[in-house]
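A.B. asks: The UniProt record's numbering applies: residue 1 is where the sequence shown begins, and numbers increase by one. The following block contains the structure, expressed as structure tokens.
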Amino acid sequence: MALASESSETQVLFEQGGVFIHTTQDEAGDVLLGGKIQVTRKSDGAYVEWNPIRDMENSQMVKPDTDWTVVNTVSYQRENSQTTESVTVAQPSRRSRYAMSFPLVDTKKIRRSKPGLGWSYLMFILKDSVSLPPLHFHEGGSPALIRELNKHVTISTCLTDSCLLIVLPHNTDALSQSFTELKIMGETSANKFFKDPYTITLGGFSKVTNFLRDAVMTPAANRPIDEYAELMSDLPSIFSVNSQAEQSYEMVVTESPLGPRPDVERRSPLTEAEWASHLDKEGRVTDVAELQRKIFRGGLVPSLRREVWKFLLKYYPWNSTSKERTALRKLKEDEYFCMKAQWKTVTPQQEKRFSKHRDNKCIIGMSITEKDVIRTDRTHPFYMGEHNPHIEVLHDILMTYCQYNMDLGYVQGMSDLLAPILVVMEREVDAFWCLVGFLDDHGLVMNFDMEQEGMRNQLMQLNNMMQIVDPKLYGYLQSKECSNLYFCFRWLLIWFKREFTMDNISRIWEIMWTGLPCKNFHFLMCLAILDGERDLLEKENFDFSDILKHVNELSCSIDADKILQTAEAIYLQLVDYPELPDTIREVIGLSSEENGLTENGSHASESSIEVLADPSE
1 MALASESSET
11 QVLFEQGGVF
21 IHTTQDEAGD
31 VLLGGKIQVT
41 RKSDGAYVEW
51 NPIRDMENSQ
61 MVKPDTDWTV
71 VNTVSYQREN
81 SQTTESVTVA
91 QPSRRSRYAM
101 SFPLVDTKKI
111 RRSKPGLGWS
121 YLMFILKDSV
131 SLPPLHFHEG
141 GSPALIRELN
151 KHVTISTCLT
161 DSCLLIVLPH
171 NTDALSQSFT
181 ELKIMGETSA
191 NKFFKDPYTI
201 TLGGFSKVTN
211 FLRDAVMTPA
221 ANRPIDEYAE
231 LMSDLPSIFS
241 VNSQAEQSYE
251 MVVTESPLGP
261 RPDVERRSPL
271 TEAEWASHLD
281 KEGRVTDVAE
291 LQRKIFRGGL
301 VPSLRREVWK
311 FLLKYYPWNS
321 TSKERTALRK
331 LKEDEYFCMK
341 AQWKTVTPQQ
351 EKRFSKHRDN
361 KCIIGMSITE
371 KDVIRTDRTH
381 PFYMGEHNPH
391 IEVLHDILMT
401 YCQYNMDLGY
411 VQGMSDLLAP
421 ILVVMEREVD
431 AFWCLVGFLD
441 DHGLVMNFDM
451 EQEGMRNQLM
461 QLNNMMQIVD
471 PKLYGYLQSK
481 ECSNLYFCFR
491 WLLIWFKREF
501 TMDNISRIWE
511 IMWTGLPCKN
521 FHFLMCLAIL
531 DGERDLLEKE
541 NFDFSDILKH
551 VNELSCSIDA
561 DKILQTAEAI
571 YLQLVDYPEL
581 PDTIREVIGL
591 SSEENGLTEN
601 GSHASESSIE
611 VLADPSE
């Protein structure tokens with residue numbers, strides 16, 4: 001826990017009494033330690049402080065080995081109960097070990113209680129993953145405290161947990177800054193990036209990268225394993241925090257334990273005739289699993305994408321009839337234009353008092369006209385030329401998405417995902433709902449979370465998989481202090497959009513949208529790309545800066561078919577490995593029956609190959 005500044009110039013900005021720590025002292029039962037919380041301003045910034053209430057007149061019978069002593073019992077009525085409970089209130093006899101003071105900027109998260117479950121409480125979680133004792137507000141005041149804190153930092157509600165508040169310093173946009181440094185934004189940022197990619201990149205993403213490098217990816221030799229476990233406890237980590245973690249770390253100097261990599265063949269794209277054969281007379285898809293296998297094996301002919309993508313992206317239900325889809329499309333069109341009208345009709349006066357709308361409008365406008373995907377895709381005929389009407393449609397879809405997902409709004413990189421979809425769909429409403437399906441149903445929303453938990457977890461999961469799939473390369477990356485795999489950030493963030501041509505990324509996406517052959521197939525795609533670059537990295541003795549530069553130069557020069565083949569072959573190796581760790585099996589969605597030998601003694605990979613194979617084979 002960070003210690004408060006001892007500056008004599010301290011200004012109290014907020015104060016609330018009746019704030020208790022609930023604890024247990026010997027056999028005294030439920031013990032409440034009363035105190036008050038303050039927000040203070042010191043020379044080096046705002047601090048949060050909680051101190052117990054001193055009552056020196058009642059401080060007799062102090063035990064030398066305790067920090068406080070029980071002095072009285074008070075009756076309280078809990079908010080969610082009609083009964084009155086007697087609880088012991090402790091008054092400190094000298095400075096309590098529970099007293100706390102820390103800089104507000106060191107706060108990472110604040111967990112609050114669910115409404116209606118007794119006294120409200122707040123629990124502060126610091127950046128070093130230390131969780132402070134919950135502070136219970138018996139006399140109210142927790143919302144007022146949050147409002148005060150929001151004057152000094154940015155506090156937002158977690159998208160997936162309404163009881164978790166995310167704390168970020170004002171004027172800090174680490175995620176957007178990361179986009180800039182990874183050449184997802186304009187050329188000026190790219191030039192700055194190439195001058196010193198190591199310093200620039202890690203500077204903008206230090207909260208993630210430093211944690212991964214220092215606390216997770218490369219634990220120091222003298223770090224106790226229990227401390228390592230404590231660091232990991234605050235994250236939904238893929239690592240098994242036990243002795244296996246040490247074994248996994250040492251394993252990187254060995255050869256891969258996986259068996260031989262099988263040969264995998266791709267097939268021709270699904271044709272219009274094959275698609276029609278899968279529809280009954282009312283337009284329902286008759287065998288979804290077989291159709292998805294065919295799409296996974298070869299993709300779609302371009303003329304089918306406008307129709308089939310709507311199914312793959314959950315715009316249309318697979319079991320819907322043609323008539324039902326026509327009605328659904330009309331409903332979705334009405335819903336879209338209703339949301340579009342909401343932001344279109346914001347008056348200049350309203351906009352002055354609507355900061356989030358102004359910010360979204362500004363960022364989208366700059367992204368489309370100056371910095372983001374259109375600068376890259378302007379060479380494509382669909383976006384070519386000045387005053388291109390498709391640019392305006394792209395802008396309107398992204399602004400409407402901000403209205404659809406108000407919590408998230410727009411984050412740079414989203415237009416990269418939309419651009420190929422709009423090329424295929426052409427129609428504004430269809431492109432919007434396909435973008436929604438892409439972000440929501442394939443987990444990409446978490447990629448744009450300002451707390452960066454989604455990206456951090458993926459980098460950790462990819463790191464753990466590489467230790468099994470390619471420990472030799474992993475060992476090399478460790479020797480160069482880049483086993484954090486930060487150079488894969490762009491691949492994970494926007495699903496390889498910048499790495500392939502428009503046609504190839506359309507084919508790769510539709511293949512990945514099938515969900516085959518496993519969950520998180522994009523991890524295996526990352527490993528497949530690195531597999532093809534391993535020899536060059538080691539031969540040229542690339543360090544972190546060289547690897548970052550090299551990865552950017554791979555853009556639009558990667559063999560899509562080869563990567564898809566290698567990624568599937570890696571999957572089959574993992575399936576066939578009888579000692580595959582449970583954590584990795586969970587990441588790629590393998591059941592226990594699919595790991596190693598099946599009950600009849602055949603290898604799981606044999607059945608997997610059969611499942612994925614085209615029936616015509």
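Yeah, the Cβ is synthetic: ideal placement off N, Cα and C, and Gly gets one too. It should be emphasised that the depicted structure is a prediction, and the values quoted were computed from it without experimental measurement.
Hey, would you say Leu-104 sits closer than 8 Å to Tyr-47, going by beta carbons?
C.D. replies: Contact: yes.
A.B. asks: With H, G and I counted as helix, E and B as strand and the rest as coil, what does DSSP make of Lys-314?
C.D. replies: Three-state result, Lys-314: coil.
A.B. asks: By the three-class DSSP mapping on this structure, what secondary structure does Met-455 have?
C.D. replies: Helix at Met-455.
A.B. asks: Please return the same chain residues whose Cβ sits closer than 8 Å to the Cβ of Glu-333, not counting the five positions on each side in sequence.
C.D. replies: Cβ neighbours of Glu-333 beyond the five flanking positions: Val-429.
A.B. asks: Under a Cβ-count criterion, where at least 16 other Cβ atoms within 10 Å of its own Cβ denotes burial, should Lys-114 be classed as buried or exposed?
C.D. replies: Exposed: under 16 other Cβ atoms inside 10 Å.
A.B. asks: So Leu-304 and Tyr-316 are in contact, right, with Cβ under 8 Å, and what is the actual spacing, rounded?
C.D. replies: Wrong, their Cβ atoms sit about 14 Å apart, outside the cutoff.
A.B. asks: Are the stretch 551 to 562 and the stretch 488 to 499 touching, with three or more C-beta to C-beta distances below 8 Å?
C.D. replies: At 8 Å Cβ cutoff, the stretches touch.
A.B. asks: In three-state terms, what does DSSP make of Ala-569?
C.D. replies: Helix, per DSSP.
A.B. asks: Between Asp-576 and Pro-260, what straight-line distance do the alpha-carbon atoms span, to the nearest angstrom?
C.D. replies: Spanning the two alpha carbons is a distance of roughly 10 Å.
A.B. asks: Going by beta-carbon coordinates alone, are Phe-448 and Leu-548 separated by less than 8 Å?
C.D. replies: Contact: no.
A.B. asks: Can you tell me the Cα-Cα spacing of His-136 and Tyr-401, whole angstroms?
C.D. replies: Approximately 38 Å, taken between the alpha carbons.
A.B. asks: Assign Lys-323 to one of three DSSP states: helix, strand, or coil.
C.D. replies: Lys-323 falls in the helix class under three-state DSSP.
A.B. asks: Count the CB pairs spanning the stretch 431 to 445 and the stretch 407 to 419 that are closer than 8 Å, and state whether there are at least three.
C.D. replies: As far as the Cβ criterion goes, the stretch 431 to 445 touches the stretch 407 to 419, which means the pair count is three or higher.
A.B. asks: Identify whether Ala-528 lies in helix, strand or coil by the three-state DSSP scheme.
C.D. replies: If DSSP states are grouped into helix, strand and coil, Ala-528 belongs with the helices.
A.B. asks: So is Gln-38 buried or exposed if we call it buried at 16+ other beta carbons inside 10 Å?
C.D. replies: So Gln-38 ends up on the buried side.
A.B. asks: For Glu-553, does the three-state DSSP call read helix, strand or coil?
C.D. replies: In the structure shown, Glu-553 sits in a helix (DSSP, three-state: H, G or I).
A.B. asks: Let's test the definition: count the other Cβ atoms within 10 Å of the Cβ of Gln-292 and tell me whether it reaches 16, buried, or not, exposed.
C.D. replies: Flag for Gln-292 reads buried.
A.B. asks: Using 8 Å for Cβ pairs, my map puts Val-301 next to Glu-282. What's the rounded Cβ distance?
C.D. replies: Contact flag wrong, Cβ pair sits at about 24 Å.
A.B. asks: What would DSSP say about Lys-361, mapped onto helix, strand or coil?
C.D. replies: Three-state DSSP puts Lys-361 in a helix.
A.B. asks: Let me confirm a value: Arg-507 is counted as buried when at least 16 other C-beta atoms fall within 10 Å, else exposed. Which label applies?
C.D. replies: Classification for Arg-507: buried.
A.B. asks: Alpha carbon to alpha carbon, how far is Asn-484 from Thr-209? Give it in angstroms, no decimals.
C.D. replies: Annotation note: pLDDT 34 at Thr-209 (below 50); position unreliable, coordinate value reported separately. Near 7 Å, if we compare the C-alpha coordinates of Asn-484 and Thr-209.
A.B. asks: Distance, Cα to Cα, Lys-42 vs Glu-9?
C.D. replies: When rounded, the distance between both Cα atoms is 6 Å.
A.B. asks: Taking Thr-514 and Leu-312 to be in contact with their CB atoms under 8 Å, please state how far apart those CB atoms are, rounded to whole angstroms.
C.D. replies: Right, the Cβ-Cβ distance comes to about 7 Å (below 8 Å), so this counts as a contact.
A.B. asks: Name the residue from Thr-107, Met-466, Asp-106 and Ile-146 whose alpha carbon lies nearest to the alpha carbon of Ser-120.
C.D. replies: Nearest of Thr-107, Met-466, Asp-106 and Ile-146 to Ser-120, Cα basis: Ile-146.
A.B. asks: Just mark Ser-355 as buried or exposed, buried being the case when its beta carbon has 16 or more other beta carbons within 10 Å.
C.D. replies: Answer is exposed; the Cβ neighbour count stays below 16.
A.B. asks: So, at 8 Å on beta carbons, what are the nonlocal neighbours of Gln-461 in its own chain, with the 5 sequence-adjacent residues on each side left out?
C.D. replies: Counting only Cβ-Cβ distances below 8 Å, and skipping sequence neighbours, we find Ile-238, Asn-520, Phe-523 and Val-587.
A.B. asks: Please name the residue or residues paired with Glu-49 in a DSSP beta bridge.
C.D. replies: Note: Glu-49 sits in a beta bridge opposite Gln-38 and Ser-101.
A.B. asks: Do Pro-257 and Ala-569 have their CB atoms nearer than 8 Å?
C.D. replies: Not in contact: Pro-257 and Ala-569 (Cβ atoms no closer than 8 Å).
A.B. asks: Between Val-153 and Thr-107, what straight-line distance do the alpha-carbon atoms span, to the nearest angstrom?
C.D. replies: Each residue's Cα considered, the two are about 9 Å apart.
A.B. asks: Less than 6 Å between C-beta atoms, sequence neighbours within five positions excluded: which residues of the same chain meet that for His-380?
C.D. replies: Same-chain partners within the cutoff: Met-502.
A.B. asks: Using CA atoms only, rank isn't needed, just tell me which of Asn-51, Arg-353 and Phe-296 is closest to Glu-510.
C.D. replies: Selected option, being the one with the closest Cα: Phe-296.
A.B. asks: Should Asp-576 be flagged as near chain B, meaning a C-beta pair shorter than 8 Å?
C.D. replies: Among the protein chains of the structure shown there is no chain B, as only one such chain exists.
A.B. asks: The alpha helix (DSSP H) with Met-406 in it runs from where to where?
C.D. replies: Unbroken run through Met-406: none, as it is neither H nor E.
A.B. asks: Specify the secondary structure class of Ile-494 as computed by DSSP and reduced to three states.
C.D. replies: Ile-494: coil per DSSP, three-state reduction.
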